[in-house]
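Here the UniProt record's numbering is used: the first residue of the sequence shown is 1, the next is one more, and so on. We put the beta carbon where it would ideally sit given N, CA and C, even for glycine. No experiment lies behind these values; they were computed from the predicted model shown. Written out below as structure tokens is the structure these notes cover.
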Amino acid sequence: MNQSGNSTYSGQLSGAGSVTKSGDGTLTLNKPGGFDVTSLIIDQGTVALDGAYILAERVGVTVNSTQDHTGTLSLLNGDQRITNLSGAGNVALGSNRLTVLGDSSFTGHVSGTGVLDIRQGSFQVNDSLTSTDPNSIFNVGSQPNAGGPASNPSVTVNSNSTLAFPRVDLQPGSTLVVQNSAAVQSGNINLDSASLLEVTGGGNVNTGNGGALTMTGSAARLLVHGGANVQTGTLDVTGTSSNRLDIVGNLQTGTLNIHTSASNRADAAVLHLGDVTQGLAGTVSASGTTVSGGLVSGVGRINGSVTMGQNSWLAPGNSPGQITVGNLVLQTGSTTEMQVAPHPAGARVAGSDYDQVVVNGNMSITGNAVLQLQPYNGGTVAAGEAIQLFAVQPGKVSGQFGSVQNSGLGNVVYSLGSGSVVGLGAGGYGGFLASVARTENQNRILSDLMVSDAGGVQQFYGGKLVERLAAAYAVGADTGAVFARFSLEVYASLMDQVKTSLLYSVPGIADDLQRTPVGLSASYFSRELKTGSQSGQASYDVRASGVRLGYGDIAAGDIAWRGNLMLEHGKVDGDYFNSSGDGYSGSVQLAKPLASVSGLYLTGRLGYGEQRNDVTRQTNDGPAHVKGLGSRAWLAGVGLAHVGKAGSLRLQSAVEVVGYSAEVDGFSESNSQSVADALSVKRQSQSGGALVLSVGLSGAATEQLELSLGGQLVSYQKRGYDVTASLNTENTPFTVHAKGLSTTQFNLNAGALYRISPVDSLGASVQGFNDGGYQANVTYNHSF
């Protein structure tokens, strides 16, 4: 039919032949079932169908296009069903549905808001099949209530071809295959039950940033082969059971949401990465991936945050394997399954000998999330062995599992801080604890750091502490040294330092009462106090040296007073610890005679001092440092002093009740070698009282030389300090009790005073303490 004008035909065309339309005119057919021939070929112009089912189902339609002429099939009004569709011309759907029932190959242009429905057989796209109308649909398979026969049709977009439709629907049982170098461009792609969207190597599917790919029903599948790419704004997997995403190539989406009604692992939707048989790892790039009613498995990478919610399972590999994620959130109802294979001849390799999840960002464990430890082919964890199941940077883990369940790896604990399962050997946790925690503080540390034992496996924070203890325990090494390099007891030394500096830095005012109390003094002193060897406790020496300036006078006629200013350099040396710094203190002392008893005085004093220290603590992995650590103390005392004579000898005695308050600033260590071994120590403070008793005897050996002997007893109300810290990288605190210096400190002293002139003298004294410490003083006095 060579037709240059427009015409309408309402009659019947039938037979076994074909009708070829040429010419620029439009032929309109309007009789339902009136066109019943084998094939309709449109080389030029338009065949318009005005009514439903004008073409018989057996008709095959070819719409051709050449450089000079283009044919068009136009559906003016009503749906049509045909056997096949081929060619490269135009199909104008209007708002109607064109159903293709058999094998076809069409690469033309489709317009209108209707549906191109591929119902049966194989449909081939060669070159380009496009529709620009935003409401048109490319439908594959039997849509519910659409009528007509149903089977399992497949559409193949062949190499170097493009299928571009605003919407693509894959109905139950249908398949869309995108070949190498082929592309599907669609704003929305929908997969229903048992449908398959397969993208082979080099293929590309793109819905655009605002588009969506949706999987519903059950057993729908997205298969992205190695080298293939799928890009979509959102990917939503819903439905009832067994929907599956196999990502061997690359999937890029704004968000990936897997939310199905599956409540057991067998029915869960699956996101599987990679192909172990080919050694390929899959990649998903999404700002957020959320999973409920789903399983994540395989090998590969999920860039962005992954949230495992209710009825979700995380199981790396095809036993075993490695998955890398950005952030990981394990919520209530999630189960993480980690498998360990038998130990190989050499070192274990993550992803081959055991499952591993690499977390590049933060890992958060909340609620009743479950960790299941499973053997693969009989794998176990040896005593002292640590296997890192979660490779997370220090400081990036929070929370703990609701339970950790062990189904055959041997006796183990789980270290949250390092993400490792740690083998304990035949003795189990009870034997391990009894062997390594031999002191009160060691027990306290492990007790504080164990955050749960639900499920039968103990969970610990504390960085690599449990790993190191288990490794030492397994070979009979010194676990005490591991604790000593972890614990913070020795930081109590800074409390002792600032307290004793204020208490021992100045002599009692009774020393002035036996001589002229008005004058100046300047002293150099050196002091060392020792804790001595303390079973189960850190030992340390507190040292100080410095100068003291004093001025004494009489006020209100009979009140002797003295003001003191002291500058000192202090050091502490202890187990794996040393500090060095400078400090100062000032004090005022008073003595008022009591008229009722000759030589009896009411005494009092007030003092304040500060220290600044630079600290180095040796950890289990490198030195930790603190710069400019501040401490301070306040002291107030009231007492009685008596100064008397017995012949040429002078006897002085004093009793004083002292109240004090001391504190050390909170701080965080730095450790450039291992940030996970640095501590964040809370502020220390203590207030209490002490009783100070002293007695002294002095007398002239010559006209210029005076000798003295004496003793002093200091008894503190409190001994020791509770010190609390956590690792810089964790929020789980632990507390230890440090005994510190002895509660009762006794010293004997001896001194000499040489009078240079009637107003000038030079004195020296030395005190020896019951703990082996000492204090030595050299003093110049000038009296007015």
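Inter-residue spacing [alpha-carbon to alpha-carbon] between A454 and L469: Here residue 454 refers to the residue found at position 454 when the sequence shown is read from its first residue. Here residue 469 refers to the residue found at position 469 when the sequence shown is read from its first residue. Distance between the alpha carbons of A454 and L469 is about 22 Å.
Classification of F784 by the beta-carbon crowding that lies within 10 angstroms, buried from 16 upward: As a first step, residue 784 must be located in the sequence shown, where it is residue number 784. Exposed, by the Cβ-count rule.
Separation of T290 from L256, as counted between CA atoms: Translated into the one-based positions of the sequence shown, residue 256 becomes position 256. Translated into the one-based positions of the sequence shown, residue 290 becomes position 290. Spanning the two alpha carbons is a distance of roughly 6 Å.
Opposing strand residues paired with Y473 [DSSP bridges]: Position 473 of the sequence shown, counting from 1, holds the residue named residue 473. Y473 is not bridged to any residue.
The segment 770 to 777 / the segment 718 to 735 touching (three or more Cβ pairs under 8 Å): no
Neighbour-count burial assignment, A16, 16 or more Cβ in a 10 Å radius: Here the question's residue 16 lines up with position 16 in the sequence shown. So A16 ends up on the exposed side.
Nearest candidate by alpha-carbon position, reference Q712, set S398, T83, S14 and T744: Reading the sequence shown from its first residue, position 712 is the one you call residue 712. Comparing Cα positions, the closest option is T744.
Euclidean distance between Cα positions of residue 785 and G5: Nothing about residue 785 can be reported from this structure: the residues present for the chain run from 1 to 784 only.
Residue burial classification, I137 (beta-carbon count within 10 angstroms, cutoff 16): Position 137 of the sequence shown, counted from the start, is the residue given in the question as residue 137. It counts as buried.
Cutoff 8 Å; reference S18; Cβ partners in own chain excluding five residues on either side: Here the question's residue 18 lines up with position 18 in the sequence shown. Answer for S18: V37, T38, S39, L40 and I41, listed in chain order.
Assigned exposure category for E440 - 16 Cβ within 10 Å defines buried: Position 440 of the sequence shown, counted from the first residue, corresponds to residue 440. The residue in question, E440, is exposed, as its Cβ has fewer than 16 Cβ neighbours within 10 Å.
Cut-off 7 Å between Cβ atoms - residues of its own chain near G33, not counting five sequence neighbours on either side: The residue given as residue 33 occupies position 33 in the sequence shown. In its chain, beyond the 5 residues on either side, Y53 and A56 have a beta carbon closer than 7 Å to the beta carbon of G33.
Rounded Cβ spacing between V270 and L295 (contact assumed at less than 8 Å): Residue numbering aside, residue 270 sits at position 270 when the sequence shown is read from its first letter. Residue numbering aside, residue 295 sits at position 295 when the sequence shown is read from its first letter. Going by Cβ atoms, the distance from V270 to L295 rounds to 5 Å, so yes, they are a contact pair.
Length-filtered (3 minimum) beta strand (DSSP E) runs lying within the segment 234 to 284: 244 to 247, 250 to 259 and 269 to 273
Where N441 falls: helix, strand or coil (DSSP): Numbered from 1 along the sequence shown, position 441 holds the residue referred to as residue 441. The answer is helix: DSSP assigns N441 an H, G or I state.
Segments assigned alpha helix (DSSP H), at least 4 residues, entirely inside the segment 371 to 456: 428 to 436 and 440 to 449
Cut-off 6 Å between Cβ atoms - residues of its own chain near H225, not counting five sequence neighbours on either side: The residue labelled residue 225 in the question sits at position 225 within the sequence shown. Within the same chain, and ignoring the five residues on either side of H225 in sequence, the residues whose Cβ sits closer than 6 Å to its Cβ are T200, G201, V248 and G249.
Three-way DSSP call (helix, strand, coil) for F483 in this model: For the purposes of this step, residue 483 is identified with residue 483 of the sequence shown, where counting begins at 1. F483: helix per DSSP, three-state reduction.
Cutoff 6 Å; reference G282; Cβ partners in own chain excluding five residues on either side: Your numbering for residue 282 matches position 282 in the sequence shown. The beta carbon of G282 lies closer than 6 Å to those of I247, V248, L273, G274 and G300 in the same chain, with the five residues before and after it left out.
Contact set for G599: own chain, Cβ-Cβ below 7 Å, skip 5 residues either direction: Translated into positions along the sequence shown, residue 599 becomes position 599. Contacts found: H642, V643 and G644.
The segment 680 to 693 / the segment 471 to 486 touching (three or more Cβ pairs under 8 Å): Output reads no: the segment 471 to 486 does not touch the segment 680 to 693.
Selection from A434, L691 and P623 that minimises the alpha carbon distance to A654: As a working note, residue 654 is residue 654 in the sequence shown. Residue L691 is the option with its Cα nearest to A654.
Opening and closing residue of the alpha helix (DSSP H) in which M495 lies: In the sequence shown, counting from the first residue as 1, residue 495 sits at position 495. Per DSSP, M495 belongs to the alpha helix (DSSP H) from S493 to Y504.
Beta-ladder partner(s) of P593, from DSSP: As a working mapping, residue 593 is identified with position 593 in the sequence shown. The partner list for P593 (beta bridge, DSSP) reads Y601.
Proximity below 8 Å, CB of L565 to CB of L549: The residue given as residue 565 occupies position 565 in the sequence shown. The residue given as residue 549 occupies position 549 in the sequence shown. Taking 8 Å as the Cβ cut-off, L565 and L549 qualify as a contacting pair.
CA-to-CA distance, R617 to S579, given in whole angstroms: For the purposes of this step, residue 579 is taken as residue 579 along the sequence shown, with counting starting at 1. For the purposes of this step, residue 617 is taken as residue 617 along the sequence shown, with counting starting at 1. Approximately 9 Å between the Cα atoms of the pair.
Sequence-distant residues of its chain with Cβ nearer than 7 Å to A474 (five each side left out): Within the sequence shown, the letter at position 474 stands for residue 474. The answer, listed in chain order, is A383, G384 and G425.
Buried or exposed by the 16-neighbour rule on C-beta atoms within 10 Å, applied to I554: The sequence position of residue 554 within the sequence shown is 554, counting from 1. Counting Cβ neighbours within 10 Å, I554 comes out exposed, since fewer than 16 surround it.
C-beta atoms of N311 and S292 nearer than 8 Å: By one-based count along the sequence shown, residue 311 stands at place 311. By one-based count along the sequence shown, residue 292 stands at place 292. Yes, the pair counts as a contact, with Cβ atoms nearer than the cut-off.
Residue range of the unbroken beta strand (DSSP E) whose run includes K571: Numbered from its first residue, the sequence shown carries residue 571 at position 571. That run of the beta strand (DSSP E) goes I559 to G574.
Through-space distance from A471 to L177, alpha-carbon basis: What you label residue 177 is simply residue 177 of the sequence shown in a count that begins at 1. What you label residue 471 is simply residue 471 of the sequence shown in a count that begins at 1. Rather than Leu, the amino acid found at residue 177 in this sequence is Val. In a straight line, the C-alpha of V177 is about 54 Å away from that of A471.
Beta-carbon contacts of T332 that lie in its chain and below 6 Å, excluding the five residues immediately before and after: The sequence position of residue 332 within the sequence shown is 332, counting from 1. Around T332: G367 and N368.
Residues sharing a beta bridge with T307, DSSP: Position 307 of the sequence shown, counted from the start, is the residue given in the question as residue 307. Its beta-bridge partners are T290 and V329.
Residues of its chain near S14, where Cβ-Cβ distance is below 6 Å and the 5 sequence neighbours each way are ignored: Taking the first residue of the sequence shown as 1, we reach residue 14 at position 14. Same-chain partners within the cutoff: D36.
3-residue-minimum beta strand (DSSP E) runs that sit fully inside the segment 680 to 705, ordered along the chain: 684 to 700
Cβ-based burial, P701 [other Cβ within 10 Å; buried from 16]: Here residue 701 is taken as the residue at index 701 of the sequence shown, counted from 1. According to the sequence provided, residue 701 is Ala. The question's Pro does not apply to it. Answer is exposed; the Cβ neighbour count stays below 16.
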